[in-house]
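Participant:
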Amino acid sequence: MDVDDFLKEKELETGDYIKIEKDSKLIEGRVMPSSKGNKLVLKLNNGYNIGIELEEIKLKEKISSSEEKQKKEIEIEENEDLPLISVLSTGGTIASSVDYRTGAVTSQFDADDILANIPELSKYANFRGKVVCNILSENMEPKYWKEIANSVYKEIKKGVDGVIIAHGTDTMAYTASALSFMLETPVPIALVGSQRSADRPSSDNVLNAISAAKYASSNIAETAIVMHAESSDNYCYAHRGTKARKMHTSRRDAFRSINKNPIAKIDDEVQLLDEDVNKRDEKSLKLKDGLNTNCGLLKFTPGLDEEILDKYCETFDGIVLEGTGLGHVSRSWISKIKEANKEGIPIVMTSQCLYGRVCDRVYDTGRDLLEAGVIEGEDMLPETALIKLMWVMNRTEDLEKIKELMQENLAGEITNRTKKQTYLI
């Protein structure tokens, strides 16, 4: 007998919650898909999966079916003394659970589910929720950035005291950067996610969500990413939207502020770490959501044929280069960059190093690049420079004006000087 025959005989389906007996011990768990024909896989309440030989199993009862709703039904009463925060859901791991048909983690919860599954949030604010989209972050696109920006604008216009955006971590920094350019905000905007889904015992979703609520209730009016600051459940950092990057595939403290201190440390309270921030109600609400999405990011590698730049220039209206070190590419590329500049195609130079800033005045190659028309990207992250170029090119086609705006600090993306204490925080 294999697993399929066992399930058919016992009238069970993948996703059913059952109780079995094995070696005189009772075990409860949810039936998961199994790749081994003679083992039944159960997801236990602690989040771990176990495989049990079919011959060792005695079914006691089916507790619930796969079709029954699993979210906790919790009535949260509003407290008029607490701030009102809007939770906008876009999907991602913080709003995901196991798909019991496949065993994979999928994005399937809306904003109300997040609140119902983290009832501790009710201590910090009153919430209202809205689903903007429901996708994993690898499926994020510029069109969704505009939808999110418009939703944030409408919520702030209605009078909320802060906004939380639930988002997948893989492309969260792109969205945070886009919102930083698209919105001027009088209230805090927090993007939050989790590295591990809620049904895992090591999930980081609760601390991240509570810290995001504290940030969204604070006096800081900046778009920020709020995530674990270290691997333990001690505190979170709020990272400026234009200066953050995901630096690890799976650690809970995956995000780092690059070339800038985090905005705040969030534990029992929100502790300001950077004085160069906008405070609540200092700015009026403005939406500037236009983007020229026909811009490209090209990473230079040793020996890469310069002809690829021709193809990029044929395809894109503007290009960000990830150069080496201080912002260099091979000398053979310089004539191609000069041609692009004559055709009115802006070429912005950033560095693959991430930390530090581009300076093309140190070596001969850099000076020649400047003469060819390269725009120095200062200490911007390459992906931030790309989004900024999209935003700038929607506002002007004049090459000199594009250069001027790309080198102006518009949303905290450029620092005047790189401080040594901002390296590998």
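Heads up, the sequence shown is in the UniProt record's numbering, so the first residue is 1 and it goes up one at a time.
Backbone N, C-alpha and C fix where the C-beta goes; we use that ideal spot for every residue, glycine too.
Taking 9 Å as the threshold (C-beta atoms), are K39 and E53 in contact?
Facilitator: Locating residue 53 in the sequence shown gives position 53, counting from the first residue. Locating residue 39 in the sequence shown gives position 39, counting from the first residue. Closer than 9 Å, so yes.
Participant: What do you reckon, are the CB atoms on V374 and V348 nearer than 9 Å?
Facilitator: Looking up residue 374 in the sequence shown gives position 374. Looking up residue 348 in the sequence shown gives position 348. Contact flag set, yes.
Participant: Pairing CB atoms from the stretch 252-270 with CB atoms from the stretch 392-400, are three or more of them under 8 Å?
Facilitator: Segments in contact, no.
Participant: Which class does F316 belong to by DSSP, given the choice of helix, strand or coil?
Facilitator: Taking the first residue of the sequence shown as position 1, residue 316 is located at position 316. If DSSP states are grouped into helix, strand and coil, F316 belongs with coil.
Participant: Less than 9 Å between the beta carbons of K58 and K22, yes or no?
Facilitator: Here the question's residue 58 lines up with position 58 in the sequence shown. Here the question's residue 22 lines up with position 22 in the sequence shown. Against a cut-off of 9 Å, the Cβ pair of K22 and K58 comes out as a contact.
Participant: Just list the alpha helix (DSSP H) runs in the stretch 157-216, keeping only unbroken ones of 4 residues or longer that don't cross its boundaries, in chain order.
Facilitator: For the stretch 157-216, whole alpha helix (DSSP H) runs of length 4 or above, ordered along the chain, are 172-182 and 205-216.
Participant: Using a Cβ distance threshold of 8 Å, determine whether the stretch 175-183 contacts the stretch 201-215, with at least three qualifying pairs required.
Facilitator: No, the stretch 175-183 does not touch the stretch 201-215.
Participant: What did DSSP end up calling I266 once you bin it into helix, strand or coil?
Facilitator: Reading the sequence shown from its first residue, position 266 is the one you call residue 266. It is a strand residue.
Participant: Short of 7 Å in beta carbon distance, which residues of its chain neighbour K214, apart from the five on each side in sequence? Order them along the chain.
Facilitator: Position 214 of the sequence shown, counted from the first residue, corresponds to residue 214. Once the five neighbours on either side are set aside, the close Cβ partners of K214 are Y124, I266 and V270.
Participant: In angstroms, rounded to a whole number, what distance separates the CA positions of L354 and N134?
Facilitator: Along the sequence shown, read from residue 1 onward, the residue named residue 354 stands at position 354. Along the sequence shown, read from residue 1 onward, the residue named residue 134 stands at position 134. One C-alpha to the other measures close to 31 Å.
Participant: Run through the DSSP bridge pairs and tell me what Q352 is partnered with.
Facilitator: On the sequence shown, residue 352 is found 352 positions in, with the first residue counted as 1. Paired residues: none, contrary to the question.
Participant: Just to confirm my understanding: we take D5, look at its own chain, exclude 5 residues before and 5 after, and list those with CB closer than 7 Å. What are they?
Facilitator: Numbered from 1 along the sequence shown, position 5 holds the residue referred to as residue 5. Once the five neighbours on either side are set aside, D5 has no close Cβ partner at all.
Participant: Take R367 as the anchor and find which of A385, Y17, G327 and T350 has the nearest alpha-carbon.
Facilitator: Locating residue 367 in the sequence shown gives position 367, where the first residue counts as 1. Nearest option by C-alpha distance: G327.
Participant: From the DSSP output, in three-state form, read off M32 for me.
Facilitator: If you number the sequence shown from 1, residue 32 lands on position 32. Here M32 sits in strand by DSSP.
Participant: Taking the alpha-carbon positions, what's the K72 to N45 distance?
Facilitator: In the sequence shown, counting from the first residue as 1, residue 72 sits at position 72. In the sequence shown, counting from the first residue as 1, residue 45 sits at position 45. Here K72 scores only 44 on pLDDT, less than 50, and its place in the model should not be relied on; the value that follows carries that caveat. K72 and N45: Cα-Cα distance of roughly 14 Å.
Participant: Over the uninterrupted alpha helix (DSSP H) stretch that includes I220, give me the two end residues.
Facilitator: In the sequence shown, the residue the question calls residue 220 occupies position 220. I220 -> no alpha helix (DSSP H), and no H or E assigned at all.
Participant: Look at the alpha carbon of T293 and the alpha carbon of L272, and state the distance between them as a whole number of angstroms.
Facilitator: Taking the sequence shown and counting its residues from 1, the one referred to as residue 293 is at position 293. Taking the sequence shown and counting its residues from 1, the one referred to as residue 272 is at position 272. Cα to Cα, the separation comes out at about 34 Å.
Participant: According to DSSP, simplified to helix, strand and coil, what is A238?
Facilitator: In the sequence shown, counting from the first residue as 1, residue 238 sits at position 238. Three-state result, A238: strand.
Participant: Give the single residue among V87, L424 and R252 whose Cα lies nearest to the Cα of V131.
Facilitator: To locate residue 131, count along the sequence shown from 1; it is residue 131. Among V87, L424 and R252, the Cα nearest to that of V131 belongs to V87.
Participant: Please go through the same chain and pick out, in chain order, the residues whose beta-carbon is closer than 6 Å to the beta-carbon of K69, but skip the five residues on each side of it.
Facilitator: Residue mapping note: residue 69 aligns to position 69 of the sequence shown, counting from 1. At K69 the pLDDT is 43, less than 50, meaning the model places this residue with poor confidence; the figure from the coordinates comes in the next sentence. Closer than 6 Å at Cβ, skipping near neighbours: no residue.
Participant: What residue ranges within the UniProt domain "Asparaginase/glutaminase C-terminal" (297-406) form continuous alpha helix (DSSP H) runs of no fewer than 4 residues, ordered along the chain?
Facilitator: The qualifying runs are 307-315, 334-342, 364-372, 382-393 and 399-406.
Participant: Is the separation between the beta-carbon of M227 and that of C236 shorter than 9 Å?
Facilitator: Locating residue 227 in the sequence shown gives position 227, where the first residue counts as 1. Locating residue 236 in the sequence shown gives position 236, where the first residue counts as 1. Yes, the pair counts as a contact, with Cβ atoms nearer than the cut-off.
Participant: Alpha carbon to alpha carbon, what distance is there between G162 and N150?
Facilitator: Here residue 150 corresponds to residue number 150 of the sequence shown, with the count starting at 1. Here residue 162 corresponds to residue number 162 of the sequence shown, with the count starting at 1. Approximately 15 Å between the Cα atoms of the pair.
Participant: Please report the distance separating the alpha-carbon of K143 from that of P382.
Facilitator: Counting from 1 along the sequence shown, the entry for residue 143 is found at position 143. Counting from 1 along the sequence shown, the entry for residue 382 is found at position 382. Each residue's Cα considered, the two are about 20 Å apart.
Participant: Measuring straight from C-alpha to C-alpha, what distance separates A385 and L321?
Facilitator: Start at 1 with the first residue of the sequence shown, and residue 385 comes out as number 385. Start at 1 with the first residue of the sequence shown, and residue 321 comes out as number 321. Straight-line Cα distance between these residues: approximately 9 Å.
Participant: Comparing C-alpha positions only, which one of S232, T90, I50 and L389 sits nearest to H167?
Facilitator: By one-based count along the sequence shown, residue 167 stands at place 167. Answer by Cα proximity: T90.
Participant: In the DSSP assignment, find the alpha helix (DSSP H) that holds E55 and state where it starts and stops.
Facilitator: Sequence index remark: in the sequence shown, residue 55 carries index 55 (1-based). Where E55 is concerned, there is no enclosing alpha helix (DSSP H), given that its DSSP letter is neither H nor E.
Participant: Classify R240 as buried or exposed, calling it buried when 16 or more other Cβ atoms lie within 10 Å of its own Cβ.
Facilitator: Here residue 240 refers to the residue found at position 240 of the sequence shown. Answer is buried; the Cβ neighbour count reaches 16.
Participant: Using three-state DSSP, classify K243 as helix, strand or coil.
Facilitator: As a first step, residue 243 must be located in the sequence shown, where it is residue number 243. The answer is coil: DSSP assigns K243 none of H, G, I, E or B.
Participant: Where are the beta strand (DSSP E) runs, 3 residues long or more, that stay fully inside the stretch 120-152, in chain order?
Facilitator: Taking only runs of at least 3 residues, the beta strand (DSSP E) segments lying wholly in the stretch 120-152 are 126-131.
Participant: Less than 6 Å between C-beta atoms, sequence neighbours within five positions excluded: which residues of the same chain meet that for T377?
Facilitator: Counting from 1 along the sequence shown, the entry for residue 377 is found at position 377. For clarity, residue 377 is Gly in the given sequence; the question names Thr instead. Closer than 6 Å at the Cβ level, and outside the excluded window around G377, lie V348, M349, T350, V358 and A385.
Participant: On the premise that L309 lies in contact with A340, defined as a C-beta separation below 8 Å, what is that separation, rounded to the nearest angstrom?
Facilitator: Here residue 340 is taken as the residue at index 340 of the sequence shown, counted from 1. Here residue 309 is taken as the residue at index 309 of the sequence shown, counted from 1. That belief holds up - the Cβ atoms of A340 and L309 are roughly 7 Å apart, short of 8 Å.
Participant: Please go through the same chain and pick out, in chain order, the residues whose beta-carbon is closer than 8 Å to the beta-carbon of E13, but skip the five residues on each side of it.
Facilitator: Translated into the one-based positions of the sequence shown, residue 13 becomes position 13. Taken in chain order, the residues that qualify are L7, V31, S65 and S66.
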